[in-house]
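**Student:**
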Amino acid sequence: MAIAPETLKEEALEPRSAPPGSGAAHDDNFHNPPEKPSAQFHHDADVITRDLRHRALIQSALGKYGLARASKQSKFQDWQAARQAAGDVKWEALGRLDSHLRDFADKIEARGAKVFWASHGDEARDYVVQVIKDAGAKRIIKSKTMTGEEIHLNAALEKEGFEVAESDLGEYIVQLREEAPYHFVFPAMHLSRGEISDLFKEKLGTESTDDPERLTMIAREVMREKYIAADVGISGANFAISETGTISITENEGNARLTIGLPKIHIAIFGIEKVLPKMSDLALFLPMLATAGAGQALTGYNTLISGPRQPGEIDGPEELHIVLLDNGRTNLLADPEQRDALHCIRCGACLNVCPIFKNVGGHTYGTTYQGPIGSVITPHLRELQTWKHLSSASSLCGACTETCPVKIDIAHHLLQNRRNAVKEKSVWWEKLAMQGFAFFMNQPKLYRLALKVAPLAQAFHPLIKGRKIDPMYVWTKDRDFPKVARQSFREFWSKRQK
Amino acid sequence: MQHQTKSNREGILSAIRRALAVPAPRPGHHEGEAKTQQEPKFHSTLPIMGQEPVSSWLPPVGASWDDWRDLFAANSVDLKTEFIVCADEADLNAHLKRLAEQNGWKKVALHHGELTDKAQAALGLETMWVDKGYDPHELEKCDAGLTQCDALVAQTGSVVMSNPSAGGRVLSVLPPHHVVLARRDQLLPDLPTAFELMQSKYGDNYPSLMGFITGPSRTGDIERILVLGAHGPKKLTVLVV
Chain A
1 MAIAPETLKE
11 EALEPRSAPP
21 GSGAAHDDNF
31 HNPPEKPSAQ
41 FHHDADVITR
51 DLRHRALIQS
61 ALGKYGLARA
71 SKQSKFQDWQ
81 AARQAAGDVK
91 WEALGRLDSH
101 LRDFADKIEA
111 RGAKVFWASH
121 GDEARDYVVQ
131 VIKDAGAKRI
141 IKSKTMTGEE
151 IHLNAALEKE
161 GFEVAESDLG
171 EYIVQLREEA
181 PYHFVFPAMH
191 LSRGEISDLF
201 KEKLGTESTD
211 DPERLTMIAR
221 EVMREKYIAA
231 DVGISGANFA
241 ISETGTISIT
251 ENEGNARLTI
261 GLPKIHIAIF
271 GIEKVLPKMS
281 DLALFLPMLA
291 TAGAGQALTG
301 YNTLISGPRQ
311 PGEIDGPEEL
321 HIVLLDNGRT
331 NLLADPEQRD
341 ALHCIRCGAC
351 LNVCPIFKNV
361 GGHTYGTTYQ
371 GPIGSVITPH
381 LRELQTWKHL
391 SSASSLCGAC
401 TETCPVKIDI
411 AHHLLQNRRN
421 AVKEKSVWWE
431 KLAMQGFAFF
441 MNQPKLYRLA
451 LKVAPLAQAF
461 HPLIKGRKID
471 PMYVWTKDRD
481 FPKVARQSFR
491 EFWSKRQK
Chain B
1 MQHQTKSNRE
11 GILSAIRRAL
21 AVPAPRPGHH
31 EGEAKTQQEP
41 KFHSTLPIMG
51 QEPVSSWLPP
61 VGASWDDWRD
71 LFAANSVDLK
81 TEFIVCADEA
91 DLNAHLKRLA
101 EQNGWKKVAL
111 HHGELTDKAQ
121 AALGLETMWV
131 DKGYDPHELE
141 KCDAGLTQCD
151 ALVAQTGSVV
161 MSNPSAGGRV
171 LSVLPPHHVV
181 LARRDQLLPD
191 LPTAFELMQS
201 KYGDNYPSLM
211 GFITGPSRTG
221 DIERILVLGA
231 HGPKKLTVLV
241 V
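The listed protein sequences correspond, in order, to chains A and B.
All letters in the first sequence, in the order written, are residues 1 to 498 by my numbering.
All letters in the second sequence, in the order written, are residues 1 to 241 by my numbering.
1) Please state whether the Cβ-Cβ distance between PHE41/A and THR246/A is less than 7 Å.
2) Quick check on the DSSP output: the beta strand (DSSP E) that includes ASN238/A runs from which residue to which?
3) Note down, in chain order, each residue of its chain lying with its Cβ closer than 6 Å to the Cβ of SER14/B, except the 5 sequence neighbours on either side.
4) Is GLY232/B close to chain A, meaning its C-beta is less than 7 Å from at least one C-beta of that chain?
5) Looking at the structure shown, is GLU531/A part of a helix, part of a strand, or coil, going by DSSP?
6) So if DSSP puts SER162/B in a beta bridge, which residue, or which two residues, is it bridged to?
7) Can you give me the Cβ contacts of PHE357/A inside the same chain, cut-off strictly under 6 Å, excluding the 5 residues immediately before and after it?
8) Could you give the C-beta distance for ARG83/A and PRO287/A, rounded to a whole number, given that I count them as a contact under 8 Å?
9) With a Cβ-Cβ cutoff of 7 Å, do GLY293/A and SER208/B count as a contact?
10) May I ask which residues mark the beginning and end of the beta strand (DSSP E) holding THR244/A?
11) Report the neighbours of ASN252/A on chain B: residues whose CB is nearer than 8 Å to its CB, in chain order.
12) Quick one: what's got a C-beta closer than 6 Å to ILE305/A's C-beta in the same chain, skipping five residues either side?
13) Strictly below 8 Å CB to CB, what residues from chain B border PRO212/A?
14) Please state if the CB of GLU223/B and the CB of ARG309/A are separated by a distance shorter than 7 Å.
15) Give me the residue from GLU225/A, GLN458/A, LEU153/A with the minimum Cα distance to GLN130/A.
16) Can you tell me the Cβ-Cβ gap for LEU191/B and VAL240/B, rounded? I've got them flagged as a contact below 8 Å.
17) Taking only beta-carbon atoms, is PHE116/A less than 7 Å away from chain B?
18) For GLY194/A, name the three-state secondary structure that DSSP assigns.
19) Per the DSSP calculation, GLU196/B is bridged to which residue(s)?
20) Between CYS86/B and SER197/A, what straight-line distance do the alpha-carbon atoms span, to the nearest angstrom?
21) On the DSSP bridge assignment, give the partners of LEU236/B in chain order.
22) In the DSSP output, which residue or residues are listed as bridge partners for THR219/B?
23) By DSSP, does VAL22/B sit in helix, in strand, or in coil?
24) Which parts of the stretch 134-195 of chain A are runs of the alpha helix (DSSP H), unbroken and 4 residues or longer, counting only runs that do not cross its ends?
25) For GLY124/B, return the contacting residues in chain A, with the cut-off set at a CB-CB distance below 9 Å.
26) To the nearest angstrom, report how far apart ALA137/A and LEU146/B are at their CA atoms.
27) Out of TYR369/A, PHE239/A, PRO263/A, which one is the CA nearest neighbour of ARG224/A?
28) In this structure, does DSSP put ALA393/A in helix, strand or coil?
29) So the alpha helix (DSSP H) ILE373/A belongs to, where does it begin and stop?
30) Helix, strand or coil: which one does DSSP assign to HIS461/A?
31) Helix, strand or coil for LYS114/A per DSSP?
32) Compare the C-beta of TRP129/B against all C-beta atoms of chain A and say whether one is closer than 7 Å.
33) Taking the beta carbon of ALA56/A as the centre, do at least 16 other beta carbons fall within 10 Å, making it buried, or is it exposed?
34) Whose CA, out of VAL54/B, ARG98/B, SER217/B, lies closest to the CA of ALA81/A?
35) Taking ARG26/B as the query, report the chain A residues whose CB atoms sit under 7 Å from its CB, ordered along the chain.
36) Taking just the CA atoms, how far does GLY133/B sit from GLY205/A?
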């Protein structure tokens, strides 16, 4: 239904999630929520869905993704069999997560790495800070780590006075804007080249350009010196191989290769669910991640790290620290119904196909992991009642389930979250409303009477329509209400039978 | 090192064991089948990697060396990798000289190896060897980094490299042009074969870094528009002899 024209004028409204320059991305929203996340979600969704500039940017970016992905996926001989196998391998890995993790840690420690097991984000942050302090280090270069975002690592490091540079281009852009990543694979997808040019001009003093290549080269020049000067490189990991004690890092820009190649200390931080049993499993997971994530046959750089610099090697860090993070993942693991949500390889495909994501945008979610998978896991990683509204931000079209390369049944998990939220704590007026509805639908006489009255009542609706006193306000503020038929189907049918 | 925060290995492992008390259904199956996870022999019932099926799901590669060469060439066009199959060593040297001239190389960085030593001799340019340590500032100023590799993968147009095969972690990413020198027999059909090779070559003593390089460094972070040379090399040339 069409958006009523007068509502378009309200665009002056600003979204409340991490506005540029507010430093909101550095706030620990987890501990000090600025407002109820559901209120923030509804407000921002309202603003962003009407932002035609946002719509055009996202449709163009995701249109390109869609074409690239379809072309690469069609080259697979059997994508569905590959999905099933990938899901099975992850299921196997999680079913024996304790022994896989122990093997992984023992193997990589035997090669000289230190493994730190962190139950919560603050433990992980404290450990990373301690490692850097112990080394007397100052300058830190980071390649992308969503786990780092999850525990607000940058804020903790900057508070200690360390100089932190995000090297991934998208992450660098959002770091300069002091906002959270918009999308956990495409962090700066919500920005046009013009906005990025203005940002660089303001922060770096460079000249305006509308050439993406020139903009990329600006970031390249800035980062080159930082890689060489950095004392510590921090990365995430996409997979951890228990068989060999290896981590696998996927990236396109070469920034992770430099981050883990030049500094003396490498810290890799990732969730405990990242394990795969065998190195050869990567022959399946690397191309699937690339195809589902960005429509590539294989991502530019896939790097397997099995320890710090070994004897006889030319270069590489002297120390490798592995931070394994739980931070609520064992809560999700304890739910057999939704355990498969931990199969997620963070390709971001479910965001890219989600009609809700495309309309409300990434920042609206107010979470580290946006989109359908974020809506499934956030209530488990944090708290159900505060984050249950995300599971209602779904049309249940099932596109997420369909696209997932590891066959997570995302759409059903959203329904299960809704059910669990009501089971745990029902809302009195919702319960009352549903009871009222059930009573009404069980009274045929009342129902028929309502059918008769409705067209008359609707004649008076324009008096209050679209105003807050309208009982249909949530619907009618943006949309027309369908006209109630003068004649019910039952009446129509019985007349026809005569 | 004395850390104030304690590593909680046993705490997390026991939380995991508690969480796994109830098995989960296999993906795409119904809840009744959940118990299969408890069966000790289920490993063999799963289509786990390293067995035949994986290759039969991934993109097809053809059966002969010529098929693989053509596929690697087609993927290279897509990736904007320069891929040259040289007739013999004289041809390789001619291509190297042409590259040096076209790209205006003045100084190149290399590691010692059968192919790289010959290339250095053929080029006759100012040279930086990285084998005995190097200054990253100097390496950054080199016009190209020439390395060998472990393998080439036709399926994805990838170069498989590692710390020992390609002169360490940095030589292949810091200079603006990465040139890979490979022998004909290093071209492999697909990813499973590449992992088999790495396993048989390095066994339990893996180098600290192994990598798949697929095209020059790239980004799409600005409006999903492809730009080459984000942080790593702007150009990738693969020469096979």
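Every residue, glycine too, gets a C-beta built ideally from N, C-alpha and C.
**Tutor:** In brief:
1) No; because the gap between Cβ atoms is not below 7 Å, this pair is not in contact.
2) First-last for ASN238/A: undefined, no H or E at that position.
3) Take SER14/B, set aside five residues on each side of it, and no residue of its chain has a beta-carbon closer than 6 Å to its own.
4) Yes, its Cβ sits closer than 7 Å to a Cβ of chain A.
5) Any answer about residue 531/A is impossible in this case: the structure gives chain A only from 1 up to 498.
6) DSSP, once it has assigned bridges, lists MET210/B as partnering SER162/B.
7) Closer than 6 Å at Cβ, skipping near neighbours: LEU351, GLY371.
8) So it is not a contact: roughly 12 Å between Cβ atoms.
9) Contact: no.
10) For THR244/A, there is no enclosing beta strand (DSSP E), as DSSP marks it with neither H nor E.
11) Simply SER217, ARG218, THR219, GLY220, ALA230.
12) Excluding the 5 residues flanking it on each side, ILE305/A has same chain C-beta neighbours closer than 6 Å at ILE247, in chain order.
13) Chain-ordered, the chain B residues with CB closer than 8 Å to the CB of PRO212/A read ILE222, GLU223, ILE225, VAL227.
14) For the pair ARG309/A and GLU223/B, the CB atoms are not nearer than the 7 Å cut-off.
15) For GLN130/A, the nearest C-alpha among the options comes from LEU153/A.
16) A Cβ-Cβ distance of about 19 Å is found for the pair LEU191/B and VAL240/B, leaving them out of contact under the 8 Å criterion.
17) So yes, PHE116/A belongs to the interface.
18) In the three-state DSSP reduction, GLY194/A falls in the helix class (H, G or I).
19) Per DSSP, none; premise fails for GLU196/B.
20) Distance between the alpha carbons of CYS86/B and SER197/A is about 43 Å.
21) DSSP, once it has assigned bridges, lists HIS178/B as partnering LEU236/B.
22) According to DSSP, THR219/B bridges with VAL227/B.
23) The three-state secondary structure of VAL22/B, taken from DSSP, is coil.
24) You should have 146-150, 153-159, 169-176.
25) Taking a Cβ-Cβ cut-off of 9 Å, GLY124/B has no neighbours in chain A, whose nearest Cβ is about 24 Å from it.
26) Looking at the backbone, the Cα of ALA137/A and that of LEU146/B are separated by about 32 Å.
27) Nearest to ARG224/A by C-alpha distance, out of TYR369/A, PHE239/A, PRO263/A, is PRO263/A.
28) Assignment of ALA393/A by DSSP, reduced to helix, strand and coil, places it in the coil class.
29) Residue range 371-381 is occupied by the alpha helix (DSSP H) that includes ILE373/A.
30) When DSSP states are grouped into helix, strand and coil, HIS461/A belongs to the helix group.
31) LYS114/A falls in the strand class under three-state DSSP.
32) For TRP129/B, the answer is no, since every Cβ of chain A falls outside 7 Å of its Cβ.
33) So ALA56/A counts as exposed.
34) Here the closest residue by C-alpha is VAL54/B.
35) Chain A residues near ARG26/B: ASP88, TRP91.
36) Distance between the alpha carbons of GLY205/A and GLY133/B: 36 Å.
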